[in-house]
Amino acid sequence: MSPARGTRKRRTATSAEEAARNGHRGELLRAMLRIRRFEERCVELYSAAKIRGFVHLYIGEEAVAVGVNEALSAEDAVVSTYREHGHALARGITAEAVMAEMYGKATGCSGGRGGSMHLFDAGRRFYGGNAIVAGGLPLAAGLALADGMRGQSRVTCCFFGDGAYAEGEFHETANLAALWGLPLLFVCENNLYAMGTAIERHEAQTDLALRAASYGMAAWAVDGMDVEAVERAARRATESIRGGGGPHFLEMRTYRFRAHSMYDPDRYRDKAEIEQWKARGPITRLMERTREGGEPVEKQLTAIERRIAEEIEAAVEAAERAPEEPVEDLLRYVTSVPTEVT
């Protein structure tokens, strides 16, 4: 029986396409697990007082960093938040450089001066790590403007949270980006809580993409717990931006499994709510989808976990051995006039 008029016959994927898809899923899984295991090791090191200061974990949100980075080129720029370990690792900054920075060592990606909230790597066009809520947004607009003025087909991607969305910096940046047609990708990681405040308690309109669209830019919401959905949305947005489509806004609806920071007692969320989100976490969902596609995961997973564990432990050992910045250099970059330290 022939297909009804107006319907399309569904094409079956070839074996080569299936292999390519499964291979790509393996890479996505590895990238997310690498972030997860790095963050879990940071918890242990923080508890042992090896890492000090503020630490904001990315556990649960890995799909956003990994999926978006798949759509970015090495020439694109990334601006991040204080919850940026995952963004930095996905961008290609080595685990060793990030871990050394967490330790405050001179071999860290920011020379030991930034710590957890100020990761930086100009060579990879990764411009922080910004501790101030929404502080990276104007910086991202400036980077996008500069690239556009140079005639370079580059995208600047700015990650920020739903709390930053409520700040004036977001609205000022969104307005200028749309007005000037900047090649800027806004990625709002809506994890439903601005520190301890649920989104419905601080936003009258909780559809953030709908409000962003009012600035005249393309905007839509994405399942931020589905790494493949994130990648598709990011590719669609970046292709449009590179084609002159102006700024785009992606609301990534995601969830952090850990407290706001290591100092946060996390008493504002119901434990059942957290468990419900964990059940549909990005790593779990991708593994289930891979199994459904007929690809055995367990053997592949064992090898991935082993390589990640080796990489992270090597990073910890390197950080332990790394030197601290010499005392005589501590005021470098702080004052314009060299000052002797006695």
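Going by our numbering, the first residue of the sequence shown is number 252, and it counts up by one from there. Quick reminder that beta carbons are idealized off the backbone N, C-alpha and C, glycines included.
Between which residues of its own chain and residue 478 is the CB-CB distance below 7 Å, once the five residues before and five after are set aside?
Mapped onto the sequence shown, residue 478 falls at position 227. Excluding positions up to five away in sequence, the list reads 279, 283, 314, 317, 318, 533 and 537.
Can you tell which of 552, 561, 481 and 429 has its C-alpha closest to the C-alpha of residue 274?
As a working note, residue 274 is residue 23 in the sequence shown. Ranking the options by Cα distance to residue 274, first place goes to 552.
Return helix, strand or coil for residue 585, following the three-state DSSP convention.
Within the sequence shown, numbered from 1, the residue matching residue 585 stands at position 334. Three-state result, residue 585: coil.
Suppose you measure from the CA of residue 578 to the CA of residue 367; what does that come to, to the nearest Å?
The residue labelled residue 578 in the question sits at position 327 within the sequence shown. The residue labelled residue 367 in the question sits at position 116 within the sequence shown. Straight-line Cα distance between these residues: approximately 21 Å.
Determine, using beta carbons only, whether residue 505 and residue 442 come nearer to each other than 9 Å.
Start at 1 with the first residue of the sequence shown, and residue 505 comes out as number 254. Start at 1 with the first residue of the sequence shown, and residue 442 comes out as number 191. Yes.
Give me the Cα-Cα distance between residue 529 and residue 369, rounded to the nearest whole angstrom.
Within the sequence shown, residue 529 is the residue found at index 278, counting from 1. Within the sequence shown, residue 369 is the residue found at index 118, counting from 1. In a straight line, the C-alpha of residue 529 is about 28 Å away from that of residue 369.
Supposed contact pair residue 348 and residue 359 - C-beta distance, whole angstroms, cut 8 Å
As a first step, residue 359 is located in the sequence shown; it is residue number 108 there, counting from the start. As a first step, residue 348 is located in the sequence shown; it is residue number 97 there, counting from the start. So it is a contact: roughly 6 Å between Cβ atoms.
Can you give me the Cβ contacts of residue 252 inside the same chain, cut-off strictly under 7 Å, excluding the 5 residues immediately before and after it?
For the purposes of this step, residue 252 is taken as residue 1 along the sequence shown, with counting starting at 1. The pLDDT assigned to residue 252 is 39, lower than 50, so where the model puts this residue is not dependable; a value taken from the coordinates is nonetheless given after this. Hits under 7 Å: none found.
Would you mind stating whether residue 493 and residue 438 have Cβ atoms separated by less than 9 Å?
Within the sequence shown, the letter at position 242 stands for residue 493. Within the sequence shown, the letter at position 187 stands for residue 438. For the pair residue 493 and residue 438, the CB atoms are not nearer than the 9 Å cut-off.
Return the residue from the list 500, 454, 311 and 545 that minimises the CA-CA distance to residue 425.
Translated into the one-based positions of the sequence shown, residue 425 becomes position 174. Nearest of 500, 454, 311 and 545 to residue 425, Cα basis: 500.
What residue range does the alpha helix (DSSP H) around residue 398 cover?
Your numbering for residue 398 matches position 147 in the sequence shown. Residue 398 -> alpha helix (DSSP H) spans 387–400.
Under 8 Å, with one C-beta from each stretch per pair, do the region 386–404 and the region 427–438 reach the 3-pair mark?
yes
Under a three-way DSSP split, which group does residue 325 fall into?
Translated into the one-based positions of the sequence shown, residue 325 becomes position 74. Residue 325 falls in the coil class under three-state DSSP.
Where do the ends of the alpha helix (DSSP H) carrying residue 275 lie?
Position 24 of the sequence shown holds residue 275. Here the alpha helix (DSSP H) through residue 275 covers 266–298.
Residue 357 to residue 576, Cα distance in whole Å?
The count along the sequence shown starts at 1 and reaches residue 357 at position 106. The count along the sequence shown starts at 1 and reaches residue 576 at position 325. Distance between the alpha carbons of residue 357 and residue 576 is about 5 Å.
Going by CA-CA distance only, name the one from 498, 372 and 420 that's closest to residue 385.
One-based indexing of the sequence shown puts residue 385 at position 134. Per the Cα distances, 420.
I'd like to confirm the pairing. Which residues does DSSP put opposite residue 541 in its beta bridges?
The residue you call residue 541 lines up with position 290 of the sequence shown. Looking at the DSSP assignment, residue 541 forms no beta bridge with any residue, so it has no partner.
Just the Cα atoms here: how many angstroms apart are residue 447 and residue 466?
Indexing the sequence shown from 1 puts residue 447 at position 196. Indexing the sequence shown from 1 puts residue 466 at position 215. Computed Cα separation, rounded: 28 Å.
Please state the DSSP three-state secondary structure of residue 416.
Position 165 of the sequence shown, counting from 1, holds the residue named residue 416. DSSP places residue 416 in helix when its eight states are reduced to three.
Assigned secondary structure, residue 319 (DSSP; H/G/I helix, E/B strand, else coil)
The sequence position of residue 319 within the sequence shown is 68, counting from 1. In this structure, residue 319 counts as helix in the three-state DSSP scheme.
Over the uninterrupted beta strand (DSSP E) stretch that includes residue 567, give me the two end residues.
Within the sequence shown, numbered from 1, the residue matching residue 567 stands at position 316. No beta strand (DSSP E) holds residue 567; the alpha helix (DSSP H) holding it covers 549–572.
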